[in-house]
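With the working numbering as the guide, the letters of the sequence shown map in order to residues 4 to 166. Below is one structure; the comments refer to it alone.
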Amino acid sequence: MDVKSRHHLRSDEVDAIETALSEQLGVDLSADSYEKVEFEDSDWNVVLVDGDPLVLYVEGDSDPEPFLTVQGANRYPPERRVVTVDAGAVSFVSDGADVMRPGITEADDEIAAGDLVVINEESHGKFLAIGRAKTDGDDMVGDSGKVVESIHHVGDDLFEFSV
Numbered sequence: 004m005d006v007k008s009r010h011h012l013r014s015d016e017v018d019a020i021e022t023a024l025s026e027q028l029g030v031d032l033s034a035d036s037y038e039k040v041e042f043e044d045s046d047w048n049v050v051l052v053d054g055d056p057l058v059l060y061v062e063g064d065s066d067p068e069p070f071l072t073v074q075g076a077n078r079y080p081p082e083r084r085v086v087t088v089d090a091g092a093v094s095f096v097s098d099g100a101d102v103m104r105p106g107i108t109e110a111d112d113e114i115a116a117g118d119l120v121v122i123n124e125e126s127h128g129k130f131l132a133i134g135r136a137k138t139d140g141d142d143m144v145g146d147s148g149k150v151v152e153s154i155h156h157v158g159d160d161l162f163e164f165s166v
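Okay, here's the thing in structure tokens:
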């Protein structure tokens with residue numbers, strides 16, 4: 004991924020990111036520098052937090068919203084909007100597959116359909132992916148159906164990006 008532009012964020016943009024992550028995920032993100040990076044060959048808009056790609060802007064129904072990358076979730080483990088999958092789902096989720104009900108062992112009941120969520124694996128507590136919930140959290144555990152659409156996962160171009 005080739006960098007198209009890179010610039011420091013204004014304090015109001017930083018405040019908006021920190022507030023959004025605190026409200027959505029219960030994460031207290033604080034750092035010395037925040038730089039937005041746009042790429043030549045990708046739609047990703049990433050924020051480097053102290054030089055690491057820890058936040059991305061995800062397109063939604065309205066303006067793009069800030070959310071943690073997989074690296075960001077592993078560095079600042081979220082307290083909310085977490086969907087946990089069993090060992091059998093790990094390889095699929097890590098390859099970018101959408102998350103299916105049978106692989107889910109637990110989901111935050113406060114998740115609403117359309118929310119951005121983080122996918123966690125139950126064995127080691129590592130975060131594997133970021134996705135968008137297709138159903139409410141209290142309806143995610145079950146026998147069949149796709150419940151989380153994958154957006155970003157370990158091993159994708161964004162995960163492999165480094166400055």
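Ideal Cβ positions, reconstructed from N, Cα and C, are used throughout, including at glycine. Because the structure is a prediction, the values reported are computed rather than measured.
| query | result |
| --- | --- |
| I need the DSSP call for residue 246, collapsed to helix, strand or coil. | Here the chain has residues from 4 to 166 only, and residue 246 is not among them. |
| Tell me which residue opens and which closes the alpha helix (DSSP H) that residue 128 is part of. | Element bounds for residue 128: n/a, residue is neither H nor E. |
| With H, G and I counted as helix, E and B as strand and the rest as coil, what does DSSP make of residue 120? | strand |
| DSSP beta-bridge partners for residue 61? | 68 |
| Is residue 114 near residue 139, with beta carbons less than 9 Å apart? | yes |
| Check whether the region 110-125 touches the region 67-86, taking contact to mean three or more Cβ pairs, one atom from each stretch, closer than 8 Å. | yes |
| For residue 138, name the three-state secondary structure that DSSP assigns. | coil |
| Would you kindly work out how many angstroms separate the C-alpha atoms of residue 100 and residue 4, rounded to a whole number? | 22 Å |
| Residue 73 to residue 64, Cα distance in whole Å? | 22 Å |
| Considering residue 51, what are the terminal residues of the alpha helix (DSSP H) in which it resides? | First-last for residue 51: 48-52, but that is the beta strand (DSSP E), not the alpha helix (DSSP H). |
| Which class does residue 5 belong to by DSSP, given the choice of helix, strand or coil? | coil |
| Quick check on this structure: which residue in 17, 159, 136 and 129 has the alpha carbon closest to the alpha carbon of residue 110? | 136 |
| Can you tell me which of 69, 68, 132 and 154 puts its alpha carbon nearest to the alpha carbon of residue 85? | 132 |
| Whole angstroms is fine: what's the gap from residue 11's alpha carbon to residue 162's? | 21 Å |
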